[in-house]
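Asks:
Residue numbers (the working numbering): 97 to 439.
1) For chain B, find out if any of its Cβ atoms is closer than 8 Å to the Cβ of residue 370; answer yes or no.
2) Looking at the structure shown, is residue 226 part of a helix, part of a strand, or coil, going by DSSP?
3) Can you find the residues in the same chain that come closer than 7 Å, C-beta to C-beta, to residue 229, ignoring five residues on each side of it along the sequence?
4) Should residue 196 and residue 115 be called a contact, given that it needs their Cβ atoms to be closer than 8 Å?
5) Only counting the same chain, and skipping five residues up and downstream in sequence, which positions put a Cβ closer than 7 Å to that of residue 411?
6) Are there 16 or more other CB atoms within 10 angstroms of the CB of residue 417, so buried, or fewer, so exposed?
7) To the nearest angstrom, how far is the alpha carbon of residue 106 from that of residue 391?
8) Since residue 337 is in the beta strand (DSSP E), which residue starts that stretch and which ends it?
9) Tell me the rounded alpha-carbon separation between residue 315 and residue 338.
10) For residue 231, which option in 108, 340, 188 and 423 has the closest C-alpha, if you only look at C-alpha atoms?
11) Which residues does DSSP pair with residue 180 in a beta bridge?
12) Report buried or exposed for residue 170, applying the criterion of at least 16 other Cβ atoms within 10 angstroms of its Cβ.
13) I believe residue 234 touches residue 135 by the beta-carbon criterion, under 8 Å. Please report the beta-carbon distance rounded to the nearest angstrom.
14) To which residues of the same chain is residue 206 closer than 7 Å at the C-beta, ignoring the five residues directly before and after it?
15) Could you tell me the boundaries of the alpha helix (DSSP H) in which residue 188 lies?
16) Taking contact to mean at least 3 C-beta pairs separated by less than 8 Å, is the segment 292-301 in contact with the segment 317-330?
17) Taking only three categories from DSSP, how would you classify residue 97?
18) Going by DSSP, name the residue or residues bridged to residue 403.
19) Could you give the DSSP three-state label for residue 300: helix, strand or coil?
20) For residue 246, which of helix, strand or coil comes out of DSSP?
21) May I ask you to verify whether the segment 262-277 touches the segment 237-244, counting CB pairs closer than 8 Å and requiring at least 3?
22) Got a sec? Which residues, its chain only, sit under 7 Å from residue 151 by beta carbon, not counting five neighbours each side?
23) Rounded to the nearest angstrom, how far is the Cβ of residue 285 from that of residue 258, given a contact under 8 Å?
24) So, at 7 Å on beta carbons, what are the nonlocal neighbours of residue 420 in its own chain, with the 5 sequence-adjacent residues on each side left out?
25) With which residues is residue 321 paired in a DSSP beta bridge?
26) For a quick check, are the C-beta atoms of residue 293 and residue 276 less than 8 Å apart?
27) So if DSSP puts residue 110 in a beta bridge, which residue, or which two residues, is it bridged to?
28) For a test of the three-state rule: what should DSSP assign to residue 421, helix, strand or coil?
29) Give the list of continuous alpha helix (DSSP H) stretches no shorter than 4 residues that lie fully inside the segment 352-388.
30) Measure the C-alpha to C-alpha separation of residue 434 and residue 394 and round it to an integer number of angstroms.
31) If you drop the 5 nearest sequence neighbours on each side, which residues of the same chain put their C-beta closer than 8 Å to that of residue 288?
32) Relative to the C-alpha of residue 362, which candidate in 353, 345, 340 and 377 has its C-alpha closest?
33) Taking just the CA atoms, how far does residue 166 sit from residue 172?
34) How is residue 236 classed by DSSP in three states: helix, strand or coil?
35) Using alpha carbons as the reference points, say which of 177, 355, 101 and 159 lies closest to residue 184.
The structure is reproduced here in structure tokens:
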């Protein structure tokens with residue numbers, strides 16, 4: 097099956113190129129992609145070789161929304177025309193036969209998906225905004241961390257780093273009735289965090305940042321979420337926890353070992369939580385339900401919407417650490433629905 101995909105070559109170099117996907121079988125669903133969402137943290141950790149899930153060339157991207165084109169003879173529960181959200185695609189090759197490392201290969205015009213997989217597909221609720229829904233994984237990751245940390249009503253929570261995962265943490269802590277403080281180095285993100293329910297939002301470079309954090313939680317926070325994935329920030333964030341508090345390793349810190357200071361968490365008797373993945377379907381369903389109802393107005397996080405042929409330029413901006421990019425979604429096709437967001 098032929099398709100087009102955003103391909104990352106060694107360098108890195110970005111280009112939209114034709115690919116070949118395996119022909120679908122009796123248990124497969126073929127999806128035409130409407131939008132795919134960019135996971136800046138994970139994708140660029142792979143692109144920069146902080147993580148590796150296979151050799152170049154890569155087809156990154158692991159979240160999308162599309163329309164079912166066809167279903168195999170043994171598939172139940174899906175039919176052509178259904179809108180779905182998904183995290184999977186089959187491994188592909190370039191037209192010359194070069195294997196493409198698919199991670200999960202969702203930045204492509206089509207996907208071949210086995211619906212029984214844990215990272216397969218599910219029906220998108222009517223009325224859920226398709227561009228925002230293509231970015232469902234990051235808030236689901238945040239919700240998974242909040243759930244594992246057993247965050248309670250009235251807790252004081254500090255969220256260090258408010259990219260899309262951190263904003264998901266802020267939003268779901270606010271919905272649980274927490275008092276939340278958000279910290280980021282980016283000048284714009286604290287204001288976005290306030291829109292998602294943060295009570296206090298601080299630029300980490302502000303001269304009074306330390307004093308404002310102490311005023312927010314004089315005895316330390318009940319829970320601290322470190323979302324940046326930067327090892328050097330772990331100890332300073334641990335020191336923001338109260339005794340018997342919770343520290344959440346919400347970022348991905350890569351495959352390389354790094355030093356760990358034992359005594360600060362030990363003396364505080366902290367509980368540590370290591371969320372991995374997005375909480376699977378229960379967390380994803382909760383997120384898209386919240387998007388549909390308006391409880392999670394995720395479109396407010398999208399700063400960049402591009403047609404797929406313009407995706408290489410967008411990726412160049414992200415690689416150059418453009419501070420204006422927060423949420424980014426790539427449009428591959430349209431089904432003409434009235435809720436399609438114009439570019």
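Beta carbons: idealized from backbone N, C-alpha and C, even for Gly.
Since we're looking at a predicted model, the values are computed, not measured.
Replies: Result, derived from the coordinates:
1) Among the chains in the structure shown there is no chain B, since it carries only a single protein chain.
2) helix
3) 161, 181, 220, 384 and 387
4) yes
5) 110
6) exposed
7) Residue 106 and residue 391 have their alpha carbons spaced roughly 41 Å apart.
8) Residue range 337-345 is occupied by the beta strand (DSSP E) that includes residue 337.
9) 6 Å
10) When the alpha-carbon of residue 231 is set against those of 108, 340, 188 and 423, the nearest one is in 423.
11) 162 and 219
12) exposed
13) 6 Å
14) For residue 206, where only same-chain residues beyond five positions count, the Cβ hits under 7 Å are 97, 99, 117, 126, 127, 128 and 129.
15) Here residue 188 belongs to no alpha helix (DSSP H); instead the beta strand (DSSP E) covers 188-190.
16) no
17) In this structure, residue 97 counts as coil in the three-state DSSP scheme.
18) Residue 403 has 427 as its beta-bridge partners, per DSSP.
19) Of the three classes helix, strand and coil, the one that applies to residue 300 here is coil, per DSSP.
20) coil
21) yes
22) Taking residue 151 as the centre and dropping the five residues before and after it, the same chain places the C-beta of 197 closer than 7 Å to its C-beta, in chain order.
23) 5 Å
24) 399
25) 255 and 344
26) yes
27) 104
28) In this structure, residue 421 counts as coil in the three-state DSSP scheme.
29) 359-364
30) With a pLDDT of only 44 at residue 434, under the threshold of 50, the placement of this residue in the model should not be trusted; the figure read from the coordinates follows. For residue 434 and residue 394, the distance between alpha carbons rounds to 18 Å.
31) Closer than 8 Å at Cβ, skipping near neighbours: 258, 263, 396, 397 and 422.
32) 340
33) 12 Å
34) helix
35) 159
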